[in-house]
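Novice: One structure, as structure tokens, below. Some questions next.
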Amino acid sequence: MERSEFKRSFIEKIELNCDNTVEKGEDFCRSILDKYYPDTDYIYIDGSGDGGIDCFWVDSNEDSKCFYIIQSKYGKSYDGKNTISEFTKIKYNLKNPEFHGKEGCFDNLREFIKNNTGSYSIKFVLLTCDDINDSEFDFLNMIGEDFSKEFGISCNCDNISLDTIYRDDTGESKKDIELELSGLFASKTGESIGLVNVIDYVKFLENYISEYKNLSLLFSCNFRYYLGSNVVNKKISETLRNDPKHFSGSNNGVTIFADSFTIEEGGKIRLKNPTEPNGCQTTNTCYHDIHF
Numbered sequence: 014m015e016r017s018e019f020k021r022s023f024i025e026k027i028e029l030n031c032d033n034t035v036e037k038g039e040d041f042c043r044s045i046l047d048k049y050y051p052d053t054d055y056i057y058i059d060g061s062g063d064g065g066i067d068c069f070w071v072d073s074n075e076d077s078k079c080f081y082i083i084q085s086k087y088g089k090s091y092d093g094k095n096t097i098s099e100f101t102k103i104k105y106n107l108k109n110p111e112f113h114g115k116e117g118c119f120d121n122l123r124e125f126i127k128n129n130t131g132s133y134s135i136k137f138v139l140l141t142c143d144d145i146n147d148s149e150f151d152f153l154n155m156i157g158e159d160f161s162k163e164f165g166i167s168c169n170c171d172n173i174s175l176d177t178i179y180r181d182d183t184g185e186s187k188k189d190i191e192l193e194l195s196g197l198f199a200s201k202t203g204e205s206i207g208l209v210n211v212i213d214y215v216k217f218l219e220n221y222i223s224e225y226k227n228l229s230l231l232f233s234c235n236f237r238y239y240l241g242s243n244v245v246n247k248k249i250s251e252t253l254r255n256d257p258k259h260f261s262g263s264n265n266g267v268t269i270f271a272d273s274f275t276i277e278e279g280g281k282i283r284l285k286n287p288t289e290p291n292g293c294q295t296t297n298t299c300y301h302d303i304h305f
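Count along the sequence shown from 1, then add 13; that gives the number in my numbering.
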């Protein structure tokens with residue numbers, strides 16, 4: 014099935030099963046959440062007085078907790094950055110102790126942030142019919158970063174669309190990528206060690222984002238996401254900004270896995286399908302310091 018046909022079929026089912034706009038929006042949201050977050054006890058609260066949150070839940074495991082916040086926009090209800098800016102409502106409502114939201118959502122979120130042990134995180138997920146573009150995704154990430162700095166907790170962002178579902182179902186999203194990283198490298202069979210300038214490293218991250226739209230995918234084999242502006246990450250940032258000559262000596266660096274790599278002339282290494290099991294805090298702090 015072609016992508017356009019898949020999307021048309023998905024939308025037709027919603028249109029046939031629902032009588033009004035409210036029902037269509039809810040069916041769209043639940044259909045995607047049931048696919049990507051099965052067996053999750055999410056709470057659907059979309060409507061007047063939701064405070065910018067359509068759906069929420071907390072995902073817990075032995076090492077961490079994540080508070081998921083969903084904004085779902087079906088069809089023409091999505092209006093680019095105007096829609097994405099609705100996530101900013103959450104920050105302002107959260108700072109108002111008199112605003113509780115539906116189902117005690119904002120009280121739960123305040124308590125979650127208060128109890129953050131350093132391994133807690135927030136995840137903003139935007140559900141749309143079509144992929145958002147690069148500029149819109151950058152804007153979404155900027156809102157997440159602002160939230161992270163405001164409340165001292167990691168905030169990651171994602172967009173799940175009907176295009177996402179099609180790519181995942183057909184295997185289209187599992188494309189191989191090769192990215193270059195500039196620096197000084199030495200290697201032996203299967204391993205390499207290198208010294209890389211932060212600016213060159215951030216360029217590598219920018220290229221990764223241009224391929225996948227989401228930097229957090231780089232850490233798919235890491236046991237925790239970015240922890241935001243905690244004590245350790247603030248120290249990393251301070252060293253990078255105020256004492257860059259000693260940054261490499263004060264930092265353990267990062268570890269990158271790849272399906273394969275080659276060292277090329279001109280001080281470059283080419284990595285196939287890179288992932289980063291160690292260095293999530295360093296990587297995100299460097300990226301955010303350069304960009305924000």
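Positions of the beta carbon are idealized from the N, C-alpha and C atoms, including for glycine.
With distance defined between alpha-carbon atoms, name the residue in E289, I27, T275 and D72 nearest to S200.
Specialist: Answer by Cα proximity: T275.
Novice: When the distance is taken between beta carbons, is F125 closer than 8 angstroms to F80?
Specialist: Cβ atoms of F80 and F125: closer than 8 angstroms.
Novice: Let me check one thing: in DSSP terms, what residues is R283 bridge-paired to?
Specialist: E193 and T275.
Novice: In whole angstroms, what separates the C-alpha of N121 from that of Y91?
Specialist: The alpha-carbon atoms of N121 and Y91 are separated by roughly 27 angstroms.
Novice: How many Å lie between D63 and V35 at the Cα?
Specialist: Their backbone Cα atoms lie some 14 angstroms apart in a straight line.
Novice: Taking the DSSP output, what are the residues bridged to C118?
Specialist: Answer is none; C118 lacks a bridge partner.
Novice: Check whether the Cβ atoms of E224 and R283 sit closer than 8 angstroms, and answer yes or no.
Specialist: No, these two residues do not count as a Cβ contact at 8 angstroms.
Novice: Can you look up P257 in the DSSP assignment and give me helix, strand or coil?
Specialist: Of the three classes helix, strand and coil, the one that applies to P257 here is helix, per DSSP.
Novice: Below 7 angstroms CB to CB, which residues in the same chain sit around G157 once its five sequence neighbours on both sides are set aside?
Specialist: Excluding positions up to five away in sequence, the list reads F137, C168, N169 and C170.
Novice: Let me know the secondary structure DSSP gives S161 once reduced to three states.
Specialist: Correct three-state label for S161: helix.
Novice: Assign K136 to one of three DSSP states: helix, strand, or coil.
Specialist: Reduced to three states, the DSSP call for K136 is strand.
Novice: Which whole-angstrom value is the C-beta distance of D54 and D67, which I expect to be below 8 angstroms?
Specialist: No, D54 and D67 are not in contact; Cβ-Cβ is about 16 angstroms, not under 8 angstroms.
Novice: Could you give the DSSP three-state label for D171: helix, strand or coil?
Specialist: Of the three classes helix, strand and coil, the one that applies to D171 here is strand, per DSSP.
Novice: Any contact between the region 290 to 302 and the region 210 to 229? By contact I mean 3 or more CB pairs, one from each, below 8 angstroms.
Specialist: Yes, the region 290 to 302 touches the region 210 to 229.
Novice: Rank N109, F112 and M155 by C-alpha distance to the C-alpha of K94 and give the top, closest one.
Specialist: With distances taken between Cα atoms, K94 lies closest to M155.
Novice: Buried or exposed for K127, going by 16 or more other Cβ atoms inside 10 Å?
Specialist: The residue is exposed, with fewer than 16 neighbouring Cβ atoms inside 10 Å.
Novice: Buried or exposed, going by whether 16 or more other CB atoms sit within 10 Å of the CB of V8?
Specialist: Not covered by the structure: residue 8. The range shown for the chain is 14 to 305.
Novice: Quick check: the Cα distance between K247 and I82, rounded to an integer number of angstroms?
Specialist: Distance between the alpha carbons of K247 and I82: 25 angstroms.
Novice: Tell me the residue span of the alpha helix (DSSP H) that contains N106.
Specialist: Start and end: F100 to L107.
Novice: Please report whether the beta-carbon of K285 lies at a distance below 8 angstroms from any beta-carbon of chain C.
Specialist: As a matter of chain content, chain C is missing from the structure shown, which is built from one protein chain.
Novice: G203 by DSSP, collapsed to three states: which one?
Specialist: If DSSP states are grouped into helix, strand and coil, G203 belongs with coil.
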